[in-house]
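The structure under discussion appears below in the form of structure tokens.
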Amino acid sequence: MARKMKTMDGNTAAAHAAYAFTDVAGIYPITPSSPMADYVDKWSAAGTTNIFGQQVKVSEMQSEAGAAGVVHGSLAAGALTTTFTASQGLLLMIPNMYKIAGELLPGVFHVSARALASHALSIFGDHSDVMACRQTGFAMLASTNPQEAMDLGAIAHLAAIKGRVPFLHFFDGFRTSHEMQNIEIWDYKDLAEMVDMDAVKAFRARALNPEHPVLRGTAQNPDIFFQAREACNPYYNALPEIVEEYMAKVNAKIGTNYQLFNYYGAEDAETVIIAMGSVNDAAEEVIDYLTAKGEKVGLVKVRLYRPFRADKLLAAIPATVKTIAVLDRTKEPGALGEPLFLDVQAAVAASDRKINVIGGRYGLGSKDVTPGCLVSVIRNAQSAEPKNGFTVGIEDDVTFLSLPIDENPDVTPAGIVSCKFWGLGSDGTVGANKNSIKIIGGVKKYAQAYFEYDSKKSGGLTISHLRFGDVPIKSTYYVTKADFVACHNPAYMGQYEIAQDVKPGGSFLLNTHWTDEELSEHLPAAAKRHIAQNNIKFYTVDGFKAGREIGLGTRINTVLQSAFFKITGIVPLDKAIEDMKKFIQISYGRKGEEIVNMNYAAVDAGVNMVHEVTIPADWATAEDACTACSDCSSCSGCAGSGRPELDKFVKEILQPVNKHLGDRLPVSTFADMADGTFPQGSAAFEKRGVAVDVPEWDPEKCIQCNQCSLICPHAVVRPYLLNADEAANAPAGTKMADMKPKGEYKFAMGVSVLDCVGCGLCAKVCPAKEKALVMKPLESQASQQASYDYLAATVTEKETNFKPETVKGSQFKQPLLEFSGACPGCGETAYAKLITQL
28 MARKMKTMDG
38 NTAAAHAAYA
48 FTDVAGIYPI
58 TPSSPMADYV
68 DKWSAAGTTN
78 IFGQQVKVSE
88 MQSEAGAAGV
98 VHGSLAAGAL
108 TTTFTASQGL
118 LLMIPNMYKI
128 AGELLPGVFH
138 VSARALASHA
148 LSIFGDHSDV
158 MACRQTGFAM
168 LASTNPQEAM
178 DLGAIAHLAA
188 IKGRVPFLHF
198 FDGFRTSHEM
208 QNIEIWDYKD
218 LAEMVDMDAV
228 KAFRARALNP
238 EHPVLRGTAQ
248 NPDIFFQARE
258 ACNPYYNALP
268 EIVEEYMAKV
278 NAKIGTNYQL
288 FNYYGAEDAE
298 TVIIAMGSVN
308 DAAEEVIDYL
318 TAKGEKVGLV
328 KVRLYRPFRA
338 DKLLAAIPAT
348 VKTIAVLDRT
358 KEPGALGEPL
368 FLDVQAAVAA
378 SDRKINVIGG
388 RYGLGSKDVT
398 PGCLVSVIRN
408 AQSAEPKNGF
418 TVGIEDDVTF
428 LSLPIDENPD
438 VTPAGIVSCK
448 FWGLGSDGTV
458 GANKNSIKII
468 GGVKKYAQAY
478 FEYDSKKSGG
488 LTISHLRFGD
498 VPIKSTYYVT
508 KADFVACHNP
518 AYMGQYEIAQ
528 DVKPGGSFLL
538 NTHWTDEELS
548 EHLPAAAKRH
558 IAQNNIKFYT
568 VDGFKAGREI
578 GLGTRINTVL
588 QSAFFKITGI
598 VPLDKAIEDM
608 KKFIQISYGR
618 KGEEIVNMNY
628 AAVDAGVNMV
638 HEVTIPADWA
648 TAEDACTACS
658 DCSSCSGCAG
668 SGRPELDKFV
678 KEILQPVNKH
688 LGDRLPVSTF
698 ADMADGTFPQ
708 GSAAFEKRGV
718 AVDVPEWDPE
728 KCIQCNQCSL
738 ICPHAVVRPY
748 LLNADEAANA
758 PAGTKMADMK
768 PKGEYKFAMG
778 VSVLDCVGCG
788 LCAKVCPAKE
798 KALVMKPLES
808 QASQQASYDY
818 LAATVTEKET
828 NFKPETVKGS
838 QFKQPLLEFS
848 GACPGCGETA
858 YAKLITQL
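Going by the working numbering, the letters in the sequence shown line up with residues 28 to 865, in that order.
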């Protein structure tokens, strides 16, 4: 059966399968599962029908507990019901899950598996949440990638209907839920052919109905509860065969080979990894790499985790296997091992197989799992004394559980092109790359896009990882060596190792207003050396200038997108431009013709403004200007706070994390904060410098109303009153004016340009006839930082006639919420900051 190809992420794929079988969806949004519910809601509103010829009835509740109640009640009333959730939201559903399973109601929960909040909140992926549900009675089915999210998502519904056992279908949050790939989509007619309609009729006949009432949900005494609880066993015993039946039907229709446990690797393997989730795709790459070298290794992919069939697992493991390494993406403190490991160990122990089973943890909180990690797991299993209870992907220098990574091979198949884009949250980079991968997916058979975010919301770092080619893409890890790299914010060049990501002979695009001469001044020496020594083609484009001239402001995504297509030639430029303009119409058409035309102009500007840089010969030997920034007291933010615990945190944690080097920190770094307690006031030391333009203050035009300080969401614009000594000792270039009305002090408006995010609200709100604040390029205002640092650290609060409950008076008070991670221009944090001043 031929299926249509379409580029989509795992959430969309799972929602497409779920919608087909769903009468009612009880929903409540939670990251990263929210898009599933959102798509179902949109499709229903648009009139899309399921396999029963009906629109799905969507009921959004006020919590996940309420959504689970909808699922339970709706199933009891005879409607096939679905929900979508993750993390703490899934935990809120557990009481209802016990009831749904206990009453043999065929609901399906689609879960983009996510870490649970423990010592800290993490919105990122692992299996902590789904593992907390394994004794609820739900069957559990694991998908590896977006294609499986659609295929196994359908199998979950089909098997639940026939087997009467509810299913929890899960896949890795973000890594699968938000990864975009070219996948084959199901036609609902083909899904309808596989449904057991007799089972559907029987389910509806069992619905609670006043026309034929029954008593359900009783309270039972000790004399019968145990026996009645065991009465469900036949349903669970029969379920694996039902799942196999539907896997076989799917395999027959689309040519796949889904099994309860799939083996991949050498027929005579002696060392095998067992895992579930997205790591399996990367593991296949590693297995291919090692077997090509003659190594006897393999992989068992767990599909049906509950009910767990030991005989099916053992049948999938080659008879030659001596050691199994089980990988769990969760941590169960105090246990002898994590859940999957204990299940595999029990299965092997109950057999006559002489296999050494070891287990370990990986990938908590979306920690990237590289080929080097997986090779390390295999090397440990092959060693004379394998370490059990290991961790991989981190350095544990406290309890010494981590495995060393001595090999990190490039296992990506030949012909795959890799690209990496460094953007600023809200500049449109991610949205543009989502469209780009769809455009590329139209000419390449296989395409993959994954988007890495930090927690700074729209002002934070985003990194887009794109791969495409004519062979399957299984690289479920970050791009580290790319054929093309783009940096969409020049401030990043001094913070992160960006140009070093480009392969020899590759291309590098920098969005900047710097001239070729200024590039030599502003680029870090390490970047210049890498570019010159590796024959990298270097291009610039001034997206900021284009954005201002066109009227798009900082939304420079379309400019950079068209520059990318021009430089790489991945898609014929005429077709790329045509497709980009199609997506612009789809994305912005409802906002009016003016916005559409602006973006059309941005496409043309990106093509026309690309400039190739001639690399100066001296770049190859460029010398680093400073090698010990964290110890240099002259650098802003490094002089110390006077609080030893804060200074230690800043030096050992904050600065590496801000440089995107947090992955290199060992466990011992966090030994004194195992309970998750961090010192206060660390945001003042971030000094990210991510704004393109920052405010320049003109004391001659300022009317000293302090409205700019009041409205600043990040507390980076602040007024100060200086006495004679404070004014005399201020750094050279510090701007001041006589206090208004006439007073004994000097007035200064300090601007922390390295903490500013460039929203421009201060300049907009200025009521002066001639604006006292004007937005200027960051590098032209760098000298303001020393003045601000002096004002903030030295100037004392003064007694004045300005009442603290007024706009002007309140802003002379120290804000206790500063440099927040809120979005640029946030309408909330200005109020929160003001409260701390009052």
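Don't be surprised by glycine CBs; every beta carbon is placed ideally from N, CA and C.
Inset, instruction - Could you tell me which of Asp-674, Val-457 and Arg-691 sits nearest to Gln-707, measuring between CA atoms? - result: Asp-674
Inset, instruction - Please confirm whether Leu-331 and Glu-311 have their CB atoms less than 8 Å apart. - result: no
Legend entry - Alpha-carbon spacing of Ala-408 relative to Ala-29, whole angstroms: 41 Å
Legend entry - Pick from Gln-811, Tyr-504 and Val-801 that is closest to Pro-758, judged by C-alpha positions: Gln-811
Inset, instruction - Report yes or no: do three or more beta-carbon pairs, one from the segment 541 to 553 and one from the segment 595 to 614, lie closer than 8 Å? - result: no
Inset, instruction - Rank Phe-194, Thr-539 and Ile-421 by C-alpha distance to the C-alpha of Leu-692 and give the top, closest one. - result: Ile-421
Inset, instruction - Note the first and the last residue of the continuous beta strand (DSSP E) segment covering Leu-195. - result: It spans 194 to 199 - the beta strand (DSSP E) in which Leu-195 sits, taken as one unbroken run.
Legend entry - Cβ neighbour criterion (16 or more within 10 Å) applied to Tyr-858: exposed
Inset, instruction - Can you have a look at Ser-204 and say buried or exposed, based on whether 16 or more other CB atoms are within 10 angstroms of its CB? - result: buried
Inset, instruction - Counting only runs of 3+ residues fully inside the segment 755 to 822, write out the beta strand (DSSP E) ranges in chain order. - result: 773 to 778 and 800 to 804
Legend entry - Within the segment 616 to 699, ranges of the beta strand (DSSP E) (whole runs, at least 3 residues): none
Legend entry - His-515 beta carbon less than 8 Å from that of Leu-451: It is a contact, given that the beta carbons lie within the stated cut-off.
Inset, instruction - Starting from the C-beta of Tyr-215, find all residues in its chain whose C-beta is less than 6 Å away, skip the five residues before and the five after it, and write them out in chain order. - result: Ala-47 and Ile-78
Inset, instruction - Note down the Cα distance separating Val-306 from Gln-208, rounded to an integer number of angstroms. - result: 16 Å
Legend entry - Within the segment 146 to 223, ranges of the beta strand (DSSP E) (whole runs, at least 3 residues): 166 to 169, 194 to 199 and 207 to 212
Legend entry - Whole-angstrom distance between Ile-613 and Lys-328, CA atom to CA atom: Approximately 39 Å, taken between the alpha carbons.
Inset, instruction - For Thr-654, I'd like the list of residues in its chain whose CB is within less than 7 Å of its CB, leaving aside the five on either flank, ordered along the chain. - result: Here the model assigns Thr-654 a pLDDT of 49, short of 50, so the residue's position is not dependable and the matter cannot be decided.
Inset, instruction - Taking only the alpha-carbon atoms, compute the straight-line gap between Thr-439 and Ser-502 and give it to the nearest angstrom. - result: 7 Å
Inset, instruction - Measure the CB-CB distance between Leu-110 and Leu-102 and report whether it falls below 8 Å. - result: As written in the sequence, residue 110 is Thr, which differs from the Leu given in the question. For Thr-110 and Leu-102, no; Cβs fall outside 8 Å.
Legend entry - Beta carbon of Val-780 nearer than 8 Å to that of Gln-808: yes
Legend entry - Range of the contiguous alpha helix (DSSP H) that encloses Asn-538: No alpha helix (DSSP H) contains Asn-538, which is instead part of the beta strand (DSSP E) from 529 to 538.
Inset, instruction - Say whether the segment 233 to 245 touches the segment 59 to 79, bearing in mind that this needs 3 or more beta-carbon pairs closer than 8 Å, one atom from each stretch. - result: no
Legend entry - Gly-399 in three-state terms, based on DSSP: helix
Inset, instruction - Under 8 Å by Cβ, that's how I've got Leu-587 and Thr-567 pegged, so tell me the actual separation to the nearest angstrom. - result: 11 Å between Cβ atoms; not a contact.
Inset, instruction - Pull up the distance between the alpha-carbon of Glu-365 and that of Trp-213, whole angstroms please. - result: 35 Å
Legend entry - C-alpha gap between Val-634 and Asp-454, whole angstroms: 18 Å
Legend entry - Helix, strand or coil at Thr-39 [DSSP, three-state]: helix
Inset, instruction - Using three-state DSSP, classify Ala-140 as helix, strand or coil. - result: strand
Inset, instruction - Could you tell me the boundaries of the beta strand (DSSP E) in which Tyr-477 lies? - result: 473 to 480
Inset, instruction - Spell out a yes or no on whether the segment 129 to 139 and the segment 184 to 202 are touching, meaning 3 or more CB-CB pairs, one atom from each, closer than 8 Å. - result: yes
Inset, instruction - Go ahead and pull the three-state DSSP assignment for Asp-423. - result: coil
Legend entry - Length of the line joining the Cα atoms of Glu-271 and Tyr-285: So the alpha carbons of these two residues sit roughly 8 Å apart.
Inset, instruction - Using only alpha-carbon positions, find the residue among Ala-166, Leu-117 and Met-303 that is nearest to Tyr-290. - result: Met-303
Inset, instruction - Over the uninterrupted beta strand (DSSP E) stretch that includes Trp-449, give me the two end residues. - result: Run containing Trp-449: 444 to 451, per the beta strand (DSSP E) assignment.
Legend entry - Delimiting residues of the alpha helix (DSSP H) encompassing Ile-382: For Ile-382, no alpha helix (DSSP H) run applies, since DSSP gives it neither H nor E.
Legend entry - Cα-Cα separation between Gly-574 and Asn-584, rounded to whole angstroms: Rounded to the nearest angstrom, the two C-alpha atoms are 9 Å apart.
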